[in-house]
Amino acid sequence: MATIRILIVFAVLSGLVAYLVYLERKVLAFMQARLGPMRVGPWGLLQPIADGLKLLLKEDIVPSGADKALFLLAPVISVLAAFTVFAVIPYANNFLITDVNIGLLLILGISSLGIYGIILGGWSSNSHYPLLGALRSSAQLVSYEVAAGIALVGVLLISNSLSMVHIVERQQQTGLWNVFVQPVGFFVYLVAAVAETNRAPFDLPEAESELTAGFHTEYSGFRFALYFLAEYTNMVLVSCIAVTLFFGGWLRPFASVRWLDFLNYGPVAGLIGAGIFVLWLGWKARDTGERGFFKFLGVALIVLGVLVAYPPVLAAVQGIFWFTAKMLLFLYAFIWYRGTFPRYRYDQLMNVGWRWLIPLALANLIATALVLYFISPHAGLGSG
Amino acid sequence: MKELLRRIFLVDLIKGLKLTFSYQRPSATYTEQYPLERPPVAERYRGAPRLNNNPETGETLCIACNLCSLACPENLIVVGWERTEDRRKKLTTFTYDLSRCMFCGLCEDACPVDALELTQDFEIAEYSREGMIWDRKTLEEGPEPSRYTR
Chain A
3 MATIRILIVF AVLSGLVAYL VYLERKVLAF MQARLGPMRV GPWGLLQPIA
53 DGLKLLLKED IVPSGADKAL FLLAPVISVL AAFTVFAVIP YANNFLITDV
103 NIGLLLILGI SSLGIYGIIL GGWSSNSHYP LLGALRSSAQ LVSYEVAAGI
153 ALVGVLLISN SLSMVHIVER QQQTGLWNVF VQPVGFFVYL VAAVAETNRA
203 PFDLPEAESE LTAGFHTEYS GFRFALYFLA EYTNMVLVSC IAVTLFFGGW
253 LRPFASVRWL DFLNYGPVAG LIGAGIFVLW LGWKARDTGE RGFFKFLGVA
303 LIVLGVLVAY PPVLAAVQGI FWFTAKMLLF LYAFIWYRGT FPRYRYDQLM
353 NVGWRWLIPL ALANLIATAL VLYFISPHAG LGSG
Chain B
110 MKELLRRIFL VDLIKGLKLT FSYQRPSATY TEQYPLERPP VAERYRGAPR
160 LNNNPETGET LCIACNLCSL ACPENLIVVG WERTEDRRKK LTTFTYDLSR
210 CMFCGLCEDA CPVDALELTQ DFEIAEYSRE GMIWDRKTLE EGPEPSRYTR
């Protein structure tokens, strides 16, 4: 059973990452008054497949003078570290691979290993740009990991557990998402998460204008694709962690408010809404093939939405729907930041990390601990 | 104090986010998918030349007066004619070397019967230099670029 779930998560994740690249190109394009990919398939929907095919067919170059073993190993480390962590994410109350009682610790530990992929890749390339990119990356990850870790400890204090499932269940019991209890912690985690995934505005390790492509300058073909996969998987990962820890995981908004129970029909509304949007696209398309495709897709989505309205099915997809919806919002926010903020200078980056985020996270941690101690000495720090 | 609050609550960053978000509306898109949709050109744009026919009879409007050829600063128009029995000029050939044309429109101005005209067609690329020399048939029918539909 677990094997099947692992396969499902792996397949869905790979597809999601591929289409995340598409989404990013589209959203960035719209923000810049462009259209983005339009030529491969209707509205460029087959673009990720074309990209993947191109990368797979390209030559796999190992630069002369590179440390070959490490050079080949590095992207694999990145991808493995990024994918392994998804084993302990609770996607829904009825769909998770495993629940470990040290869940969050495992996540922090393994995702920190991912930086080895970047450092080793940059160092073993025997080239200046990758080396500089790797140096920047390691410094950046070390500084922001601290802030992110301390910000997460605040959540641990509240929920009294490291297990991801318990953290969500705790939010269900109190009827309050952690983001309302720990707004500062959430803010610090959000900024640190953007920095840890090397995304704009903290994308110094791969700053195109300064370092060509940063740590993966010398990589080509499939190994470059692996780095790409790892970066976007990490984006999905930090979104999943943020959703689980701060936004109630699989819980619907206001899970404890009875008169808002109509929100349980969110999956139905979401699917039918998406179907109507796709139908509208089809109605606007001028090419007949494209129109047929969109109409088919729109009708299929609406039929799926109607099917989901059947109560047992609705109960089954409830959790996974809300989890996915919240996660997609986070992913959108990542792209949104990239479309808005200019890149930080290196000293500014360090300034933000050490002089603002870490003190802020520490203050938040101390305040949380004190409040918990005075409210309930037994439930909080004391007996645990 | 106000400045401090602005910085703490990241007002400027949120303003930036709002701006980029607003640019996602479809009407803000500036891209034009060129071969699928063609841009409108200015009313007085001078592009590919055309020899007009009388729309009713289908006969050429050109009276072979040779004024366009004389007006042309590049001397790229060659008008060929023959005399009919009633001593009138009749147009036989008309070549127009588009590769040397600078689209000044003097030929168009010189034409007394509105036979020669510079149209708004701008797709006049050819695969060879010889292809740029248009004969009477091409001038009357216009270039045929491949058409795409969206």
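Protein sequences appear in the order of chains A and B. The opening position of the first sequence corresponds to residue 3 in the numbering used here, with each subsequent residue numbered one higher. The opening position of the second sequence corresponds to residue 110 in the numbering used here, with each subsequent residue numbered one higher. Here a beta-carbon is modelled for each residue, glycine too, at the ideal position from N, C-alpha and C.
Residue from the options whose Cα sits closest to the Cα of residue i
| i | options | result |
| --- | --- | --- |
| isoleucine 51/A | Ala227/A, Val308/A and Leu134/A | Ala227/A |
| leucine 388/A | Val310/A, Ala311/A, Val280/A and Pro313/A | Residue 388/A is absent from the structure shown; chain A starts at 3 and stops at 386. |
| aspartate 206/B | Arg196/B, Thr228/B and Pro158/B | Pro158/B |
| asparagine 95/A | Ser241/A, Lys297/A, Ala317/A and Ile8/A | Ala317/A |
| proline 77/A | Thr199/A, Gly38/A and Ala232/A | Ala232/A |
| valine 170/A | Ala311/A, Ala302/A, Tyr93/A and Ile274/A | Tyr93/A |
| histidine 130/A | Phe217/A, Ile109/A and Ile99/A | Phe217/A |
| glutamine 142/A | Leu253/A, Leu206/A and Gly156/A | Leu206/A |
| glycine 156/B | Val188/B, Ala173/B and Leu225/B | Leu225/B |
Residue i versus residue j - alpha carbon distance
| i | j | result |
| --- | --- | --- |
| proline 144/B | isoleucine 233/B | 14 Å |
| tyrosine 146/A | asparagine 353/A | 11 Å |
| serine 178/B | aspartate 195/B | 24 Å |
| leucine 55/A | leucine 47/A | 14 Å |
| phenylalanine 230/A | arginine 340/A | 16 Å |
| glycine 345/A | alanine 215/A | Looking at the sequence provided, one finds arginine at residue 345/A rather than glycine. Computed Cα separation, rounded: 15 Å. |
| arginine 138/A | glycine 119/A | 14 Å |
| aspartate 62/A | glutamate 220/A | 10 Å |
| serine 114/A | alanine 149/A | 13 Å |
| glutamine 184/A | alanine 335/A | 20 Å |
| leucine 119/B | arginine 254/A | 29 Å |
Enclosing beta strand (DSSP E) for residue i [first to last residue]
| i | result |
| --- | --- |
| tyrosine 93/A | 92 to 94 |
| glycine 275/A | No beta strand (DSSP E) contains glycine 275/A, which is instead part of the alpha helix (DSSP H) from 268 to 286. |
| arginine 192/B | 186 to 192 |
| arginine 153/B | Where arginine 153/B is concerned, there is no enclosing beta strand (DSSP E), given that its DSSP letter is neither H nor E. |
| proline 158/B | 158 to 160 |
| glutamate 226/B | 225 to 227 |
Which of helix, strand or coil DSSP assigns to residue i
| i | result |
| --- | --- |
| aspartate 206/B | strand |
| glycine 214/B | coil |
| glycine 382/A | Any reading at glycine 382/A must be qualified, since the residue scores a pLDDT of 46, below 50, and its modelled position is unreliable; no value is offered. |
| leucine 30/A | helix |
| lysine 198/B | strand |
| leucine 48/A | coil |
| threonine 169/B | strand |
| leucine 164/A | coil |
| isoleucine 104/A | coil |
| leucine 98/A | strand |
| isoleucine 123/B | helix |
| tryptophan 179/A | coil |
| threonine 129/B | helix |
| isoleucine 63/A | coil |
Environment of residue i [buried if 16+ CB atoms lie within 10 Å]
| i | result |
| --- | --- |
| isoleucine 6/A | exposed |
| phenylalanine 182/A | exposed |
| alanine 137/B | exposed |
| threonine 166/B | exposed |
| tyrosine 154/B | exposed |
| aspartate 101/A | exposed |
| glycine 382/A | Note that glycine 382/A has pLDDT 46, beneath the 50 cutoff, so the model's placement of it is unreliable and the number below is only indicative. Counting Cβ neighbours within 10 Å, glycine 382/A comes out buried, since at least 16 surround it. |
| alanine 4/A | exposed |
| alanine 194/A | buried |
| phenylalanine 73/A | buried |
Range of the contiguous alpha helix (DSSP H) that encloses residue i
| i | result |
| --- | --- |
| isoleucine 117/B | 111 to 117 |
| proline 314/A | 313 to 342 |
| alanine 76/A | 70 to 86 |
| tyrosine 346/A | It is not in any alpha helix (DSSP H) - tyrosine 346/A carries neither H nor E in the DSSP assignment. |
| isoleucine 360/A | 360 to 377 |
| cysteine 70/B | Residue numbering for chain B in the displayed model covers 110 to 259; residue 70/B lies beyond these limits and cannot be assessed. |
| alanine 89/A | Per DSSP, alanine 89/A belongs to no alpha helix (DSSP H) and is neither H nor E. |
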